[in-house]
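Inspection log for the structure reproduced underneath, given as structure tokens.
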Amino acid sequence: MELASKYDPQSVESKWYQYWLDKKMFSSKPDGRKPYTVVIPPPNVTGVLHMGHMLNNTIQDILVRRARMEGKNACWVPGTDHASIATEAKVVNKLAKEGISKKDITRDEFLKHAWEWTNEHGGIILKQLRRLGASCDWDRTAFTMDETRSRGVIKVFCDLYNKGLIYRGVRMVNWDPKAKTALSDEEVIYKEEHSKLYYLRYMVVEEPGKYAVVATTRPETIMGDTAMCINPNDPKNQWLRGKHVIVPLVGRQIPVIEDEYVDIEFGTGCLKVTPAHDINDHALGLKHNLETIDIFNDNGTISEAAGLYVGMDRMDVRLRIEQDLKKAGLMEKVEDYNNKVGFSERTNVPIEPKLSTQWFLKMSHFSEIALPPVMNDEIKFYPAKYKNTYRHWLENIKDWCISRQLWWGHRIPAYYFNTSDGKRDFVVAESKEKALQMAQEKNPLLTSDSLEQDSDCLDTWFSSWLWPIAVFDGIEHPDNEEIKYYYPTSDLVTGPDIIFFWVARMIMAGYEYRKTMPFRNVYFTGIVRDKLGRKMSKSLGNSPDPLMLIDKYGADGVRMGMMLSAPAGNDILFDESLCEQGRNFNNKIWNAFRLVKGWQKTEAEQPTINAIAVEWFEARLRKANDELNELFLKYRISEALMVVYRLFWDDFSSWYLEMVKPEYGQPIDNETYDATLKFFETLLKMLHPFMPFITEELWQHIYDRKDGESIMRDRLELAAPTDSDNTLSTGMENVRQIVSNIRTVRNQRNIPFKDALELHCIGSNGYGKYMSVISKMANLKDVKVVSAKDATAASFMVGTDEFAIPLGDMIDVKAEIEKLEAQLKHLEGFLNGINKKLTNEKFVSNAPEAVVAMERKKKKDSEEKIAVIRESLKALK
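For what it's worth, UniProt numbering labels the leading residue of the sequence shown as 1, then goes sequentially.
Written out as structure tokens, the structure is:
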């Protein structure tokens with residue numbers, strides 16, 4: 001195969017991805033190897049690829065590809081989530097555009113539209129992940145509402161109900177007026193809001209002309225007031241004990257009750273009690289036997305029960321009632337007020353607390369089985385700081401509201417009927433046939449048509465909490481070969497924002513249904529933000545289109561750009577320039593390979609410098625691979641990439657290749673050439689998990705490969721570093737510093753590389769072995785050991801050894817001093833700016849690791865240059 005002169009990501013990526021698919025290289029079947037299993041966090045079936053998906057799936061692919069190269073049986077299971085609320089909303093909107101209202105069609109008709117929509121749009125995101133290089137076993141693609149997963153969900157519901165862990169009851173829930181469904185506590189996002197505090201006058205029945213003042217942020221709920229409450233320990237409100245007040249505008253008399261729940265310091269110390277629309281008020285209502293008046297319809301408009309503002313939207317009422325209260329003389333004052341308001345995580349509208357009959361899962365049992373394995377590190381979190389977040393949630397957990405007032409989803413398997421004595425009852429069963437048998441025990445005259453299935457469906461998370469088990473059909477067939485081989489899975493890569501929604505619940509389900517963990521390690525990614533620190537979003541317009549990035553920089557370039565800015569658990573400050581850096585690295589690799597493959601071989605004896613270079617780079621590879629293994633064990637994947645990046649760019653390209661590169665037009669000895677190709681192959685294998693496409697392309701070009709071979713199946717095996725490796729590495733590092741200092745002298749004195757220099761070693765030195773390297777890399781004509789340096793020499797220190805370059809008549813002393821002093825002033829100013837950045841804690845903690853590392857390198861380089869200039873000035877003066 002001919003290698004193109006320039007790297008073209010588009011042609012390379014499409015070619016090799018199709019090759020991998022055709023050769024079934026992502027496919028996994030149980031065998032004798034150690035399994036490495038990862039399940040994808042299933043993206044919404046409605047979704048398209050965004051930067052968060054890019055980061056998450058890049059990390060998963062790195063881990064999976066590395067496991068394959070370690071000889072493990074890697075199995076990455078893809079799939080999508082049916083996303084009840086989001087998908088139903090999209091289908092409702094689609095139908096509305098066609099002039100169809102959900103309320104005018106049957107459930108079956110709606111579900112037909114929903115499946116049509118899902119089949120048309122679902123799975124787009126999985127196809128997009130292929131552009132990224134995701135090496136999923138696509139034959140295993142699962143969907144949370146496919147037949148296998150659906151049967152498992154229903155079986156689990158029935159099992160938990162029969163265990164007494166699922167119950168049905170009237171409770172105060174979080175209500176989403178837009179989606180018209182209940183939400184769990186975890187689906188409510190609290191946001192700081194600039195609102196108002198309204199002080200309302202409640203006239204006292206027993207004392208005409210007098211009134212009590214209540215401060216509230218929600219005047220639109222007064223139609224549901226059934227009491228006023230004061231604290232019995234509040235001296236300023238004792239005059240209200242035992243009295244009644246009149247609800248403003250409504251005219252209803254309500255009692256004044258006493259309870260220590262009331263905060264004496266808030267507002268006036270008087271609290272309006274609306275049991276139907278506040279969780280704490282509901283508790284007071286139960287305690288004091290108060291009436292409950294529900295004033296809201298499901299869509300957030302005012303109901304008939306309110307008597308006022310019927311049919312108006314709750315937010316419109318808030319504006320209107322303020323004016324009406326002022327006109328009636330019942331508004332004391334209005335103040336600006338900042339408070340936290342709960343919003344629906346799905347529709348981003350303010351939620352309403354609402355009394356509703358729902359299905360709940362008791363969580364105390366699950367918190368008891370899910371907390372210990374994380375706290376004792378049977379399941380490890382990376383970073384470990386999330387253990388405290390996890391513990392706090394589990395120790396304060398509430399029962400999970402698992403029912404949703406939607407049609408798209410797993411319908412709750414509860415069937416209602418009338419008993420023989422005319423009472424309403426229900427049974428829970430996996431099928432209508434089984435439900436009928438159970439119901440007939442209470443009423444033998446029942447038929448299938450007599451049963452009415454619950455209209456609600458289950459919370460989407462109730463299916464995805466079973467994901468690591470369900471993808472291997474482990475619910476219905478708990479002893480099948482695949483679940484026993486692949487479960488527990490190895491690593492989970494996810495965002496910390498779903499630690500409660502998904503991670504904790506999967507752990508609960510794992511111990512409930514498999515008696516063990518669902519995964520061994522959890523790697524939490526951060527939130528992808530722009531370089532200004534803002535969360536990427538469509539509304540801000542600061543989120544690039546991932547596919548356009550791939551078109552522009554290539555998948556390998558984008559993957560590298562993501563990982564350079566992605567330390568575990570910290571937010572990612574994404575900068576497109578990092579993708580450009582990734583693309584440039586691709587070009588560097590490509591050009592280095594073309595350079596090596598362009599050399600002509602010869603049977604000549606290996607030169608000393610080449611022998612040293614080969615020996616050193618073998619040691620360098622062993623040491624770098626050891627670092628790589630250690631970093632992967634700690635899930636410090638971004639740092640692992642930097643190790644390979646520096647190894648290729650600095651050690652291999654800038655030093656090793658320069659050391660062994662033959663003179664223009666001259667051949668290279670066979671021994672060095674073969675070693676260089678072997679080094680290149682090893683470097684490609686190290687890079688492959690991070691940059692799969694270019695590494696496959698070049699690996700195929702190194703040697704003649706057979707059809708069906710791939711770098712992803714080539715083991716990376718290197719011996720551990722030795723003591724002699726460390727000695728060699730230290731010696732070569734000093735050599736690099738000597739050469740770097742000589743090059744600095746050349747730059748400062750404008751001495752071209754073609755002009756050979758003389759190097760003086762002041763006193764004894766231990767660089768005899770490496771002098772051939774130093775001479776070639778710095779273009780020296782002679783090396784001498786001298787007792788003192790020349791007055792015009794430029795000197796520098798490496799460790800405790802001093803070196804000098806005699807300059808003689810190559811320089812104008814006066815002009816040189818002026819030039820060096822100017823350079824010194826500039827460098828000192830530059831270093832001062834860098835130090836300000838590096839002492840800024842915010843910059844160091846928030847900037848991408850690669851950016852901070854670059855600043856530290858600039859600091860080190862500047863300090864070294866300043867030291868050299870000062871020494872030079874000292875010698876010249």
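For glycine and all other residues, C-beta sits at the position ideal for the given N, C-alpha and C.
- prompt: So which of 24, 152, 777, 225 has the shortest CA-CA distance to residue 247?
  reply: Here the question's residue 247 lines up with position 247 in the sequence shown. Selected option, being the one with the closest Cα: 225.
message: So, with DSSP's three-state summary, where would you put residue 668?
response: As a first step, residue 668 must be located in the sequence shown, where it is residue number 668. Three-state DSSP puts residue 668 in a strand.
query: Going by Cα to Cα distance, which pick from 447, 100, 845, 259 is closest to residue 285?
result: Stepping through the sequence shown from its first residue, residue 285 is reached at position 285. Considering only alpha carbons, the answer is 259.
query: Just checking, does the stretch 591-608 make contact with the stretch 47-55 on the three C-beta pairs under 8 Å criterion?
result: no
- request: Reducing DSSP to helix, strand and coil, say where residue 359 ends up.
  value: Here the question's residue 359 lines up with position 359 in the sequence shown. In the three-state scheme derived from DSSP, where H, G and I count as helix and E and B as strand, residue 359 is classed as strand.
message: Is the beta carbon of residue 719 closer than 8 Å to that of residue 622?
response: The residue you call residue 622 lines up with position 622 of the sequence shown. The residue you call residue 719 lines up with position 719 of the sequence shown. Yes, they are a contact pair.
field: Alpha carbon of residue 772 to alpha carbon of residue 805, nearest angstrom
entry: Mapped onto the sequence shown, residue 772 falls at position 772. Mapped onto the sequence shown, residue 805 falls at position 805. Cα-Cα distance, rounded: 17 Å.
- prompt: So what does DSSP say about residue 490, is it helix, strand or coil?
  reply: One-based indexing of the sequence shown puts residue 490 at position 490. Three-state result, residue 490: strand.
message: With three or more C-beta pairs closer than 8 Å as the rule, is the stretch 210-229 touching the stretch 287-301?
response: yes
task: State the DSSP-derived secondary structure class of residue 194, mapped to helix, strand or coil.
output: Residue numbering aside, residue 194 sits at position 194 when the sequence shown is read from its first letter. Strand.
task: Would you kindly work out how many angstroms separate the C-alpha atoms of residue 885 and residue 761, rounded to a whole number?
output: The structure shown has nothing for residue 885, since the chain only spans 1 to 877.
- request: Look at the alpha carbon of residue 385 and the alpha carbon of residue 68, and state the distance between them as a whole number of angstroms.
  value: For the purposes of this step, residue 385 is taken as residue 385 along the sequence shown, with counting starting at 1. For the purposes of this step, residue 68 is taken as residue 68 along the sequence shown, with counting starting at 1. Approximately 30 Å, taken between the alpha carbons.
- prompt: Considering only residues of the same chain and omitting the five flanking positions on each side of residue 858, which have a CB-CB separation below 6 Å?
  reply: To locate residue 858, count along the sequence shown from 1; it is residue 858. Within the same chain, residue 858 has close Cβ partners 834.
field: Span of the alpha helix (DSSP H) around residue 261
entry: For the purposes of this step, residue 261 is identified with residue 261 of the sequence shown, where counting begins at 1. Note, residue 261: premise wrong, no alpha helix (DSSP H); not H, not E.
message: Can you find the residues in the same chain that come closer than 7 Å, C-beta to C-beta, to residue 210, ignoring five residues on each side of it along the sequence?
response: Numbered from its first residue, the sequence shown carries residue 210 at position 210. Closer than 7 Å at the Cβ level, and outside the excluded window around residue 210, lie 204.
task: Could you check which residue in 167, 554, 15, 366 has the C-alpha nearest to that of residue 576?
output: Counting from one through the sequence shown, the residue named residue 576 turns up at place 576. Of the candidates 167, 554, 15, 366, the one whose C-alpha sits nearest the C-alpha of residue 576 is 554.
- request: Below 8 Å CB to CB, which residues in the same chain sit around residue 473 once its five sequence neighbours on both sides are set aside?
  value: The residue you call residue 473 lines up with position 473 of the sequence shown. For residue 473, where only same-chain residues beyond five positions count, the Cβ hits under 8 Å are 148, 152, 480, 482, 483.
task: Locate the alpha helix (DSSP H) running through residue 579, then write down its first and last residues.
output: One-based indexing of the sequence shown puts residue 579 at position 579. Residues 576-597.
query: For the beta strand (DSSP E) that residue 244 lies in, which residues bound it at each end?
result: Taking the first residue of the sequence shown as 1, we reach residue 244 at position 244. 244-246 is the span of the beta strand (DSSP E), which, as asked, contains residue 244.
field: Close-in-space but distant-in-sequence residues of the same chain around residue 419 (CB under 8 Å, 5 per side omitted)
entry: Here residue 419 is taken as the residue at index 419 of the sequence shown, counted from 1. Only 425, 442, 443 meet the Cβ criterion.
- request: Would you decide whether residue 323 is buried or exposed? Buried here means 16 or more other CB atoms lie within 10 Å of its CB.
  value: Locating residue 323 in the sequence shown gives position 323, where the first residue counts as 1. Burial call: exposed.
query: Can you tell which of 287, 785, 587, 682 has its C-alpha closest to the C-alpha of residue 7?
result: By 1-based counting over the sequence shown, the position of residue 7 is 7. The candidate whose alpha carbon is nearest that of residue 7 is 587.
field: residue 635 - containing beta strand (DSSP E), residue span
entry: Taking the first residue of the sequence shown as 1, we reach residue 635 at position 635. It is not in any beta strand (DSSP E) - residue 635 carries neither H nor E in the DSSP assignment.
- prompt: Do you know how far the Cα of residue 399 is from the Cα of residue 362?
  reply: Locating residue 362 in the sequence shown gives position 362, counting from the first residue. Locating residue 399 in the sequence shown gives position 399, counting from the first residue. Rounded to whole angstroms, the separation of the alpha carbons of residue 399 and residue 362 is 5 Å.
query: Between the C-alpha atoms of residue 402 and residue 624, what's the straight-line distance to the nearest angstrom?
result: Translated into positions along the sequence shown, residue 402 becomes position 402. Translated into positions along the sequence shown, residue 624 becomes position 624. Straight-line Cα distance between these residues: approximately 50 Å.
query: Leaving out five residues before and five after residue 511 in sequence, what residues of the same chain have Cβ atoms less than 6 Å from its Cβ?
result: Within the sequence shown, the letter at position 511 stands for residue 511. These residues qualify, in order along the chain: 369.
- prompt: Can you tell me the Cα-Cα spacing of residue 206 and residue 239, whole angstroms?
  reply: Numbered from 1 along the sequence shown, position 206 holds the residue referred to as residue 206. Numbered from 1 along the sequence shown, position 239 holds the residue referred to as residue 239. Residue 239 has its alpha-carbon roughly 11 Å from the corresponding atom of residue 206.
- prompt: Three or more C-beta pairs closer than 8 Å, one from the stretch 51-62 and one from the stretch 15-22: is that the case here?
  reply: Remark: fewer than three beta-carbon pairs, one from each stretch, lie closer than 8 Å, so the stretch 51-62 and the stretch 15-22 are not flagged as touching.
- request: In the DSSP assignment, find the unbroken beta strand (DSSP E) run with residue 889 in it and report its ends.
  value: One cannot answer for residue 889 here, as it falls past the ends of the chain, which runs 1 to 877.
- prompt: What residues are listed by DSSP as bridge partners for residue 301?
  reply: Position 301 of the sequence shown holds residue 301. Answer is 313, bridged to residue 301.
- prompt: Of the choices 706, 320, 360, 853, whose alpha-carbon is the least far from that of residue 161?
  reply: Along the sequence shown, read from residue 1 onward, the residue named residue 161 stands at position 161. Its Cα nearest to that of residue 161, the residue 360 stands out among 706, 320, 360, 853.
message: Check whether the stretch 491-507 and the stretch 161-179 are in contact - that is, three or more C-beta pairs closer than 8 Å.
response: Judged by pairs of C-beta atoms under 8 Å, the stretch 491-507 does not touch the stretch 161-179, as fewer than three such pairs exist.
task: Determine the burial state of residue 813: buried for a count of at least 16 other Cβ atoms within 10 Å of its Cβ, exposed for fewer.
output: Residue numbering aside, residue 813 sits at position 813 when the sequence shown is read from its first letter. Flag for residue 813 reads exposed.
Beta-bridge pairing of residue 782 - partner residues as DSSP gives them: Residue mapping note: residue 782 aligns to position 782 of the sequence shown, counting from 1. Residue 782 pairs with 758.
Which listed residue (459, 73, 125, 42) has its alpha carbon closest to that of residue 79: Start at 1 with the first residue of the sequence shown, and residue 79 comes out as number 79. With distances taken between Cα atoms, residue 79 lies closest to 42.
- request: State the Cα-Cα distance for the pair residue 201 and residue 268, rounded to the nearest angstrom.
  value: Counted from its first residue, the sequence shown places residue 201 at position 201. Counted from its first residue, the sequence shown places residue 268 at position 268. Their backbone Cα atoms lie some 11 Å apart in a straight line.
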